[in-house]
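Some notes on the structure that comes next.
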């Protein structure tokens, strides 16, 4: 799977507040589906769709033991998303710094033009 598709899936998963809450809960350790679903006022099949999205992009892993399915956090896709955001921040910081330098260079010219116009 291409990195772009993987990032798209991760950001799609993170776009939903229910899924973000599940990830936050799992950052404290694994949990059974019933424990994860308890805080949410939705039908279990709807909640399972959220888990399916999270598992589909690799943010969580599940394991079944008897009748109980347990989920745990898988942080690798988050690290890829963080890397993408760091790259974007560097790019925009560089561009904004270039713009700032350009505007600083223009300032004396604009001040001189204003003084000339006032005469």
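In the UniProt record's numbering, the protein residues as written are 1 to 119. Cβ atoms here follow ideal geometry from the backbone N, Cα and C, with glycine treated the same way. Since we're looking at a predicted model, the values are computed, not measured.
Determine the direct distance from the alpha carbon of residue j to that of residue i, and round the result to whole angstroms.
{"i": "residue 65", "j": "residue 32", "result": "10 Å"}
{"i": "residue 108", "j": "residue 93", "result": "24 Å"}
{"i": "residue 58", "j": "residue 96", "result": "34 Å"}
{"i": "residue 118", "j": "residue 112", "result": "10 Å"}
{"i": "residue 80", "j": "residue 116", "result": "54 Å"}
{"i": "residue 17", "j": "residue 102", "result": "41 Å"}
{"i": "residue 20", "j": "residue 106", "result": "45 Å"}
{"i": "residue 36", "j": "residue 51", "result": "9 Å"}
{"i": "residue 68", "j": "residue 2", "result": "33 Å"}
{"i": "residue 46", "j": "residue 40", "result": "10 Å"}
{"i": "residue 73", "j": "residue 104", "result": "48 Å"}
{"i": "residue 98", "j": "residue 42", "result": "49 Å"}
{"i": "residue 28", "j": "residue 100", "result": "43 Å"}
{"i": "residue 85", "j": "residue 63", "result": "31 Å"}
{"i": "residue 6", "j": "residue 13", "result": "11 Å"}
{"i": "residue 77", "j": "residue 44", "result": "26 Å"}
{"i": "residue 30", "j": "residue 54", "result": "14 Å"}
{"i": "residue 10", "j": "residue 49", "result": "15 Å"}
First and last residue of the beta strand (DSSP E) that includes residue i?
{"i": "residue 59", "result": "Taken as a continuous stretch (DSSP letters only), residue 59 belongs to no beta strand (DSSP E), as it is neither H nor E."}
{"i": "residue 72", "result": "68 to 73"}
Decide if residue i is buried, meaning its Cβ has at least 16 other Cβ atoms within 10 Å, or exposed.
{"i": "residue 71", "result": "buried"}
{"i": "residue 60", "result": "buried"}
{"i": "residue 91", "result": "exposed"}
May I ask which residues mark the beginning and end of the alpha helix (DSSP H) holding residue i?
{"i": "residue 28", "result": "Where residue 28 is concerned, there is no enclosing alpha helix (DSSP H), given that its DSSP letter is neither H nor E."}
{"i": "residue 110", "result": "76 to 118"}
Kindly indicate which three-state DSSP category residue i falls into: helix, strand or coil?
{"i": "residue 2", "result": "coil"}
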